[in-house]
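Position 633, counted from 1, in the sequence shown is what the working numbering calls 633; the numbers after and before it change by one each time, with no gaps.
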Amino acid sequence: MFKKINFTPIIGVLLISALFANSSEIDSDALKFKSISAVRTNSSPKIDGNLDDAEWANAIVLDDFIQYEPYNLESPSVETEVRVLYDDNYVYIAFQNYDPDPTSIMDRISRRDDYEAIEKNVDWVGFGIDSNNDDMTGNWFMLTAAEVQLDVSINESGGWRDKYDISWNAVWDGKTQIHSEGWSAEIRIPFNVFQFSKDEIQTWGGTFQRGYFKEQEQIHWPGRSKGVKNTVPYYGAINGIKNIPQPKNLELVPYILAGQTQSDELNNQGNVGLDLRYNLTSTATLNMTFNPDFGQVEADPSVLNLSAFETRLEEKRPFFVQGASFFNSWLRIFNSRRIGRRPNFNEPSSGDIVDQPNETTILSAAKVLGQTESGIKYGIINAVTSEEYGTREYDLNGAVKKDQFLLEPYSNYFVGRFTKPIVNDLSTVGFMATDLHRNGHNVKASSFKGDWLLNLMDNKLEFTGEYATTINEENGYAGRLRLSYRDPTFWEIATWAGFSDDKWNVNAMGFQQKNNNWYSGVRVSLRRDQPKGIFLNQDVSVRLWLSGLHNGMITRNNLEIDFENKFTNYWNLGMQVEINPETYVDDDIYRDSRAFIIKDEAWRGLNIWFSTDQRKRYIIRPFYKINVGDGIDNNSRGDQTESGVRLTLKPTNNISFSINSSVENRPGFMQWVDIVDGSDGKFSDSNGRYDIVYAKTKRSQTNTKLRMNIAFNSRMTFEAFYQPFNVDMNYEDYYRLDEQNSFKTSSFNYSENRNFEINNQRGTFVYRWEYQPGSLLYVVYNLNDNNYYSDQDGEWSQSKSNSIFLKFDYFFQS
C-alpha cells in the first residue's frame, strides 16, 4: 500500500504551507550597539541572592530588555534589571527578576550542565561574555532559580554542531532568592576564567538573558533577531572595566581512585592522577592531565553494526571535549577517540587473541589554547599513550599454549591548528596538522589541512572551504566547499561539494569511511519565526544530496523534505519524506578487495513524530518510520519499519525519569555474508574462482535507554543510565552474486549457520557531590555485560567488565 503513495501532493502542501515571511522590520544590527558600564567596587557584595548590599546601589541599572521568543523583538511581559560590578579579582552580576506571581516560579533541581532540563523547564538567568571582543568566541553562564549552574564555551568558527562546548566548566559562585516581587540572583565570576588583552581599558562583548518559565519567554539584552545566524556578533558592549591585574595563574586538581573490576577475575584497582590549568598569559591557557581517569563518563551505548565500516563514537571525556570545536573539521582529520582507543595495532603471527585491554592507557596529555594581540588563534594537543599487551592462545605440537604479545606500542599523538582573521572579524584562514608516531615503527601517519571561513554581507553570506593531504603509506588528498546565504526574514539556501582520491586515509588519527568519491548537495529552508494562528513557529526544508565515484557511478541520490511545527500549546509535530532513485553501492569493496560494486533499488521513506508540552511533568514523543524498496533485478534489498517512544516523567522538582525505546524490523534484507572459494565460482582472480555470498535476513532489534536523575541539591546528584539491547538475526536463504555492477543473484548452498542473538546490558550509575567549588567526589558503577549466541556453535558466549570505584579530587588555586 505504501508503495502506491504519491508524494507529490504531500510535498506541494508542505512547500505551500511554508511560503510566508516574518513581519518584523526591526534592524537587529542596531541592537548590538547598546552598551552597559561596569562599575568598580572597593568592597565585595555578599553572594547570597539578596540585592540589599550597599555596593549594588552604586551600579548602573540595565532594564531595556526585549523578547527573543516567542514574540521576537517585542516587549517582554515582565521586567528585568541587571547590574554589573567588578574589582581586581572578580566580575559581579546581579539580576532582579520581577514576577507578578512568585508562587509560579519554577525552581526544579537538576544536575549541573543539563541543558535539556534547564532551558525550557525552569526559570533561569544567563549572560554571555566575549572577553576577546572578537565577535567569534565567548563564554556563556546560566543560573536557575534553584541555583543549578550551566556554563558553555562558544566558538562561532565551528560548524553548527561544534559551536557550543557544554563540557567546559569554570569555578564560579551563584546564589538566588525568591521573594515577594519575584526572584533575584547574584553571581561572582573570577577574571582568570576569561582570556582578554593586556589593555588598561577593556571593552568586552556581553549579553544578559532571562528565561521566564510561565510564559515560555526568553528575554534578551541587547536583543537579537531570530533570523540572523550566530550569537556572539550580536552581543552589546560592556564598558568601564579598567586596570585589571593579571589573574591567578595555576589551578591543580589531583585525584585518588580506588575500586574493583569484575571480568574473568576480580581485580582491585587504585590510581592517582593530576589535572593542571595554567594561564601562560592573559590570552593563553595550558591544560595538562597526568594518568587521567574517565570512569565517571557515561558508557558508549550498544549498537549493531553489520556494515563494512566502524561505528563513530561520541567523545565524552572532559579533557578532549573541552576546546574540541577549534580542532573539528568536515574532513575529520582529527578524531580524539583514537587517543586511548582499544589496542589493536599489532596482530599475533599465529593463534588467537583470548584476552586484551579494552582501552590504551593515556600516560599524559597537554593542550594549549590561546590568541595573539593581532587576533591569531592557536591550539595544540599532544598526548602520550602506554604500550599494551594481549594474551594469545596457540597450538604447539598438540599442546595449547598461552603467551603475551605487544598489541600497541608507546605512541605520541599531536595536533596543531591556527587561524588568522581576514577581511573582517568573522572571517578567517587557517592551517592544521596531525601526526602519530608509534615507538619502533617508521610508518608515517600525518595530515595537513588548509581552510577558510568568509562571512560577508553583514554575516548573511558564508563561504567555507578545506583542502587536506595525508602522508602515510600512500599520500592522498580531499577537499570540500560550502556556500550559504541566510536571509533574516524567512529563507536560507546552502550548497556544498567535496571529493577525495583513492589514497585518502586519515583513520590513524582521524575518521573516515570511504574514499575515491565526490559529493554535492543543495538545501533550501523556509521558516516562520513569529507566532501566527495556532503556530508558534514553522520550518520546512528541502535537501538534495548527490554523490558518486570518479568512474561516473552514482552512489547516493537523495531528496529529503523536512517539516516541523510548534503549536501555541507547545506541542510539536514533524514529518520527513525521503525519495531515493536507483543507485550503486560500493560498501562491499571495503570488506574485501575481491568484492564488487552492486546496484541498489529505489526506495522511499516516511518518518512522522510528535511531542507534547515539555513544560509538563509528563512528556511523550512517539515516532513511526518506514522505508519501502521497489526491488531491482527481480530482487529486493528489503523493507524496514521502526517505531518507538520517548517518555519523560518529572514527578517532583528534583527527580526525573526517561524511557527511550524503539523496535526495528527489517525482513527480507539482503545482507553480505562471505566470499567462498570454489572451482565453480562465478568470479575469478589470480588465486582461483570464488563466489560472493549474500543472504535474505530477518532482523528484529529492540533498543531501550533508561535514565534517572535525582538532585538532592544543586551540587549533589545521582544519575543512572541503563541500556538493555537485544537483537535476533536470522539468515534465511543464501544467494550468490551473478554479475558485477548489478544485483542479480541465484540460490547458493552455504554450509554455515550465521543466525545469532545479542543480549547486552550497558549502564553507568554515578553519585556526584561537589563538596566545595571545583572539588568533586564520585561513586561510580559501570555495567558492561555482553552476551552473544551463535546458532552455529549452539551456545552463548559472554564477556563482561563491571566495575565500582570511588574517585576523590580536590581543587587548588594559586
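Cβ atoms here follow ideal geometry from the backbone N, Cα and C, with glycine treated the same way. Note that the structure is a prediction, hence the values are computed from the model and not measured.
| Is the beta carbon of Ile362 less than 7 Å from the beta carbon of Pro292? | Here the question's residue 362 lines up with position 362 in the sequence shown. Here the question's residue 292 lines up with position 292 in the sequence shown. Yes, Cβ-Cβ distance for Ile362 and Pro292 is below 7 Å.
| query | For Ser51, is the classification buried or exposed, using 16 other Cβ atoms within 10 angstroms of its Cβ as the cut-off for buried? | reply | Along the sequence shown, read from residue 1 onward, the residue named residue 51 stands at position 51. The sequence as given places Leu at residue 51; Ser does not occur at that position. Classification for Leu51: buried.
| message | Taking the straight line between their C-alpha atoms, what separation do you get for Val232 and Asn139? | response | In the sequence shown, the residue the question calls residue 232 occupies position 232. In the sequence shown, the residue the question calls residue 139 occupies position 139. Cα to Cα, the separation comes out at about 9 Å.
| Whole alpha helix (DSSP H) elements within the region 312-345, 4-residue minimum | Counting only runs of 4 or more residues that sit fully inside the region 312-345, the alpha helix (DSSP H) segments are 318-321, in chain order.
| request: Express the C-alpha separation of Ser803 and Leu549 in angstroms, rounding to a whole number. | output: Residue mapping note: residue 549 aligns to position 549 of the sequence shown, counting from 1. Residue mapping note: residue 803 aligns to position 803 of the sequence shown, counting from 1. Roughly 47 Å between the two C-alpha positions.
| query | In the DSSP assignment, what are the bridge partners of Arg523? | reply | As a working note, residue 523 is residue 523 in the sequence shown. Paired residues: Ala494 and Arg543.
| query | CA-CA distance, Glu732 and Asn726? | reply | Here residue 732 refers to the residue found at position 732 of the sequence shown. Here residue 726 refers to the residue found at position 726 of the sequence shown. Going from the Cα of Glu732 to the Cα of Asn726 covers about 19 Å.
| field | Limits of the beta strand (DSSP E) - the one that Ala468 falls within | value | Position 468 of the sequence shown, counting from 1, holds the residue named residue 468. Leu461 to Ile471 is the span of the beta strand (DSSP E), which, as asked, contains Ala468.
| message | Mapping the DSSP letters down to three states, classify Pro421 as helix, strand or coil. | response | Within the sequence shown, the letter at position 421 stands for residue 421. Reduced to three states, the DSSP call for Pro421 is strand.
| request: Tell me Thr281's beta-bridge partners as DSSP assigns them. | output: Within the sequence shown, the letter at position 281 stands for residue 281. Looking at the DSSP assignment, Thr281 forms a beta bridge with Ala284.
| Pick from Gly533, Asn439, Ala365 and Thr434: whose alpha carbon is nearest that of Pro70? | As a working mapping, residue 70 is identified with position 70 in the sequence shown. Ranking Gly533, Asn439, Ala365 and Thr434 by Cα distance to Pro70 puts Gly533 first.
| said: Within 8 Å, do at least three Cβ pairs link the region 382-400 to the region 344-356? | reply: Three or more Cβ pairs closer than 8 Å define a contact, and the region 344-356 meets that threshold against the region 382-400.
| task | Following the continuous alpha helix (DSSP H) through Ile118, name the residue where it begins and the one where it ends. | result | Sequence index remark: in the sequence shown, residue 118 carries index 118 (1-based). Residues Tyr115 to Ile118.
| Do Ser35 and Gly340 have their CB atoms nearer than 7 Å? | Taking the first residue of the sequence shown as position 1, residue 35 is located at position 35. Taking the first residue of the sequence shown as position 1, residue 340 is located at position 340. Contact: no.
| message | Checking the sheet assignment: what are the DSSP bridge partners for Asp691? | response | On the sequence shown, residue 691 is found 691 positions in, with the first residue counted as 1. Val676, per the DSSP bridge assignment.
| request: Could you pull out every unbroken beta strand (DSSP E) segment of at least 3 residues lying fully inside the region 331-417, listed in chain order? | output: 352-355, 362-371, 377-385, 388-396 and 399-408
| message | Let's see if you can read the secondary structure: which residues bound the beta strand (DSSP E) around Val253? | response | The sequence position of residue 253 within the sequence shown is 253, counting from 1. That run of the beta strand (DSSP E) goes Leu250 to Gln262.
| field | CA nearest to the CA of Gly465, picked from His437, Pro488, Phe431 and Arg438 | value | Here residue 465 refers to the residue found at position 465 when the sequence shown is read from its first residue. The candidate whose alpha carbon is nearest that of Gly465 is Phe431.
| query | Looking only at DSSP bridge pairs, what is Ala94 linked to? | reply | Working through the sequence shown from its first residue, we reach residue 94 at position 94. Looking at the DSSP output, Ala94 shares a beta bridge with Arg83 and Glu186.
| request: Find the nearest neighbour of Glu156 within the set Arg594, Phe326 and Ile244, judged by alpha-carbon distance. | output: On the sequence shown, position 156 is the one that residue 156 refers to. The shortest Cα separation from Glu156 among Arg594, Phe326 and Ile244 belongs to Phe326.
| request: Leaving out five residues on either side along the sequence, give the residues of the same chain with a beta carbon under 8 Å from the beta carbon of Tyr694. | output: The residue you call residue 694 lines up with position 694 of the sequence shown. The answer, listed in chain order, is Met670, Gln671, Trp672, Val673, Tyr734, Tyr735, Arg736, Leu737 and Thr745.
| request: Report, in whole angstroms, the separation of the C-beta atoms of Arg707 and Ser658, which I expect to be a contact under 8 Å. | output: Taking the sequence shown and counting its residues from 1, one reaches residue 707 at position 707. Taking the sequence shown and counting its residues from 1, one reaches residue 658 at position 658. Arg707 to Ser658, Cβ: 5 Å. Contact.
| With 16 other CB atoms within 10 Å as the buried threshold, where does Ile60 fall? | Against the sequence shown, residue 60 aligns to sequence position 60. Label assigned to Ile60: exposed.
| request: Helix, strand or coil for Asp685, going by three-state DSSP, please let me know. | output: Translated into positions along the sequence shown, residue 685 becomes position 685. Asp685: strand per DSSP, three-state reduction.
| message | If you reduce the DSSP assignment to three classes, tell me which class Lys449 lands in. | response | Position 449 of the sequence shown, counted from the start, is the residue given in the question as residue 449. Of the three classes helix, strand and coil, the one that applies to Lys449 here is strand, per DSSP.
| Runs of beta strand (DSSP E) wholly within the region 122-196 (minimum 3 residues, chain order) | 124-130, 137-144, 149-155, 173-179 and 182-190
| query | Met288 to Leu783, Cα distance in whole Å? | reply | As a first step, residue 288 must be located in the sequence shown, where it is residue number 288. As a first step, residue 783 must be located in the sequence shown, where it is residue number 783. The straight-line gap from Cα to Cα measures roughly 29 Å.
| Taking the C-alpha atoms as reference points, what is the distance between Gly855 and Gln260? | Missing from the structure shown is residue 855; the chain here goes from 1 to 814 and no further.
| field | Beta-bridge partners of Asn766, as assigned by DSSP | value | Here the question's residue 766 lines up with position 766 in the sequence shown. Asn is not the amino acid found at residue 766; the sequence shown has Val there. Paired residue(s): Glu719 and Val780.
| field | Through-space distance from Ser37 to Asn344, alpha-carbon basis | value | The residue labelled residue 344 in the question sits at position 344 within the sequence shown. The residue labelled residue 37 in the question sits at position 37 within the sequence shown. Going by the C-alpha atoms only, they are around 58 Å apart.
| Going by other Cβ atoms of all chains shown within 10 Å of its Cβ, with 16 needed for buried, is Glu719 buried or exposed? | For the purposes of this step, residue 719 is taken as the residue at position 719 of the sequence shown. It is buried - the Cβ of Glu719 has at least 16 other Cβ atoms within 10 Å.
| said: Between which residues of its own chain and Ser23 is the CB-CB distance below 7 Å, once the five residues before and five after are set aside? | reply: To locate residue 23, count along the sequence shown from 1; it is residue 23. Since pLDDT at Ser23 reaches only 49, below the 50 mark, its modelled position is unreliable, and the value read off the structure follows with that caveat. So the qualifying residues of the chain are Gln530.
| Which class does Tyr234 belong to by DSSP, given the choice of helix, strand or coil? | What you label residue 234 is simply residue 234 of the sequence shown in a count that begins at 1. The answer is helix: DSSP assigns Tyr234 an H, G or I state.
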